[in-house]
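K.L.:
Residue numbers (this note's numbering): 13 to 312.
By construction, the Cβ of each residue, glycine as well, lies at the ideal position given by its N, Cα and C atoms.
All figures in this text were calculated on a predicted structure; none of them were measured in a lab.
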């Protein structure tokens, strides 16, 4: 019965009857109150059509799924006058990219004109011994790094993305890792990259501190973020991706012991026809900076 009402609701939505569709979803949820995806869908309909009760629906979806595979917390945050969350639920990010993996390259490169790896590669010179590609995805950044790297390793939260990357034979090693909860590094790297990754992390204090510990003295750190020119350090956009300000990035890198910071602007990709501008950041860990500074940032 709940499924039938939800199907009817989707038909009404296609016909432009958003209020009636929301009412039918609410009726379906009276029959199946534990249906978390139904509460999330009801929240979507209410939010996207300016109907009351969106926050309550997303809150119920989050209560039923505390791991937040669907990203209800982000939708709740976007309803607030000023978003409060500074990171994304790991389960949401993992599920998103597991579902996206099989058509990731065609969609991102072919449709969205994604250029993150090329923007980073343009700032890298010479060869690097040990290279770590954080959030490696299907290996688009790895393909640019392979000619420069003596040893190339890729980490990603999505097992399906890693499967796609492994099939390309680019990396010497691939590992499943949640970048929001990395342990103190046991190895050191000459170069660490993160192409279009930090849009899904939000606040960067922990990961920047981790990289400071993971690099050899004088090692390089190259990454992109979506560009934000407002007064806030970071903002959550309607796309459910974070954008960061240049002053925030520069201050954070300085605190973690990085010098020689260069920030360039470039077109990262397209979204709904609009160009998404990015910061392309290249920095070097100060050779004489104590690793304890980076550790303080990691544990803060």
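For residue 49 and residue 66, I'd like the C-alpha separation in whole angstroms.
P.N.:
Numbered from 1 along the chain shown, position 37 holds the residue referred to as residue 49. Numbered from 1 along the chain shown, position 54 holds the residue referred to as residue 66. The straight-line gap from Cα to Cα measures roughly 14 angstroms.
K.L.:
For residue 120, which residues from the same chain have a beta carbon less than 8 angstroms from its beta carbon, with the 5 sequence-adjacent residues on both sides left out?
P.N.:
Taking the chain shown and counting its residues from 1, the one referred to as residue 120 is at position 108. Within the same chain, residue 120 has close Cβ partners 126, 152 and 281.
K.L.:
Out of 30, 117, 14 and 210, state which residue places its alpha-carbon closest to the alpha-carbon of residue 235.
P.N.:
Locating residue 235 in the chain shown gives position 223, where the first residue counts as 1. Of 30, 117, 14 and 210, the residue nearest in Cα terms is 210.
K.L.:
Apart from the five residues just before and just after residue 306, which ones in its own chain have a Cβ nearer than 7 angstroms to its Cβ?
P.N.:
On the chain shown, residue 306 is found 294 positions in, with the first residue counted as 1. Annotation note: pLDDT 45 at residue 306 (below 50); position unreliable, no value reported.
K.L.:
Buried or exposed: where does residue 13 fall if 16 or more other Cβ atoms within 10 Å of its Cβ makes it buried?
P.N.:
For the purposes of this step, residue 13 is identified with residue 1 of the chain shown, where counting begins at 1. The residue in question, residue 13, is exposed, as its Cβ has fewer than 16 Cβ neighbours within 10 Å.
K.L.:
What number of angstroms, rounded off, separates the C-alpha of residue 243 from the C-alpha of residue 155?
P.N.:
Along the chain shown, one-based indexing puts residue 243 at 231. Along the chain shown, one-based indexing puts residue 155 at 143. Roughly 36 angstroms separates the two Cα atoms.
K.L.:
Can you round the beta-carbon distance between residue 102 and residue 190 to whole angstroms, since I take them to be within the 8 angstroms contact cut?
P.N.:
As a first step, residue 102 must be located in the chain shown, where it is residue number 90. As a first step, residue 190 must be located in the chain shown, where it is residue number 178. Contact flag correct, Cβ pair sits at about 5 angstroms.
K.L.:
Once you ignore the five residues that flank residue 19 on each side, which residues in its own chain have a CB closer than 8 angstroms to its CB?
P.N.:
Along the chain shown, one-based indexing puts residue 19 at 7. Closer than 8 angstroms at the Cβ level, and outside the excluded window around residue 19, lies no residue.
K.L.:
Less than 6 angstroms between C-beta atoms, sequence neighbours within five positions excluded: which residues of the same chain meet that for residue 278?
P.N.:
If you number the chain shown from 1, residue 278 lands on position 266. Within the same chain, residue 278 has close Cβ partners 131, 290 and 292.
K.L.:
Does the beta-carbon distance from residue 104 to residue 89 come in below 8 angstroms?
P.N.:
Within the chain shown, the letter at position 92 stands for residue 104. Within the chain shown, the letter at position 77 stands for residue 89. No, the pair does not count as a contact, with Cβ atoms beyond the cut-off.
K.L.:
Return the CA-CA distance between residue 135 and residue 85, expressed in angstroms with no decimal places.
P.N.:
In the chain shown, counting from the first residue as 1, residue 135 sits at position 123. In the chain shown, counting from the first residue as 1, residue 85 sits at position 73. Computed Cα separation, rounded: 36 angstroms.
K.L.:
Would you mind sorting residue 139 into buried or exposed? The rule is 16 or more other CB atoms within 10 Å of its CB.
P.N.:
Position 127 of the chain shown, counted from the start, is the residue given in the question as residue 139. The residue is exposed, with fewer than 16 neighbouring Cβ atoms inside 10 Å.
K.L.:
Does the Cβ-Cβ distance between residue 188 and residue 203 come in under 8 angstroms?
P.N.:
Against the chain shown, residue 188 aligns to sequence position 176. Against the chain shown, residue 203 aligns to sequence position 191. Not in contact: residue 188 and residue 203 (Cβ atoms no closer than 8 angstroms).
K.L.:
Excluding the 5 residues flanking residue 71 on each side, which residues of the same chain have their C-beta closer than 7 angstroms to its C-beta?
P.N.:
Within the chain shown, the letter at position 59 stands for residue 71. Counting only Cβ-Cβ distances below 7 angstroms, and skipping sequence neighbours, we find 88.
K.L.:
Just to confirm before moving on: does the CB-CB distance between residue 63 and residue 34 stay below 8 angstroms?
P.N.:
In the chain shown, counting from the first residue as 1, residue 63 sits at position 51. In the chain shown, counting from the first residue as 1, residue 34 sits at position 22. Taking 8 angstroms as the Cβ cut-off, residue 63 and residue 34 qualify as a contacting pair.
K.L.:
Apart from the five residues on each side of it in sequence, which residues of its chain come closer than 8 angstroms, Cβ to Cβ, to residue 74?
P.N.:
For this step, residue 74 is matched to residue 62 along the chain shown. So the list reads 80, 84, 85 and 88, once near-sequence residues are dropped.
K.L.:
Roughly how many angstroms lie between the CA atoms of residue 162 and residue 247, to the nearest whole one?
P.N.:
For the purposes of this step, residue 162 is identified with residue 150 of the chain shown, where counting begins at 1. For the purposes of this step, residue 247 is identified with residue 235 of the chain shown, where counting begins at 1. Cα to Cα, the separation comes out at about 37 angstroms.
K.L.:
Going by DSSP, name the residue or residues bridged to residue 256.
P.N.:
Position 244 of the chain shown, counted from the start, is the residue given in the question as residue 256. 239 and 246, per the DSSP bridge assignment.
K.L.:
What does the Cβ neighbour count give for residue 196, buried or exposed, with the cut at 16 atoms within 10 Å?
P.N.:
Walking along the chain shown from the start, residue 196 turns up at place 184. Under this definition residue 196 is an exposed residue.
K.L.:
Excluding five sequence neighbours on each side, which residues of the same chain lie with their C-beta closer than 6 angstroms to the C-beta of residue 15?
P.N.:
By 1-based counting over the chain shown, the position of residue 15 is 3. Contacts found: none.
K.L.:
To the nearest angstrom, how far is it from the Cα of residue 176 to the Cα of residue 117?
P.N.:
Position 164 of the chain shown holds residue 176. Position 105 of the chain shown holds residue 117. Approximately 10 angstroms, taken between the alpha carbons.
K.L.:
Please classify residue 184: is it buried, with 16 or more other beta-carbons within 10 angstroms of its beta-carbon, or exposed?
P.N.:
Your numbering for residue 184 matches position 172 in the chain shown. Exposed.
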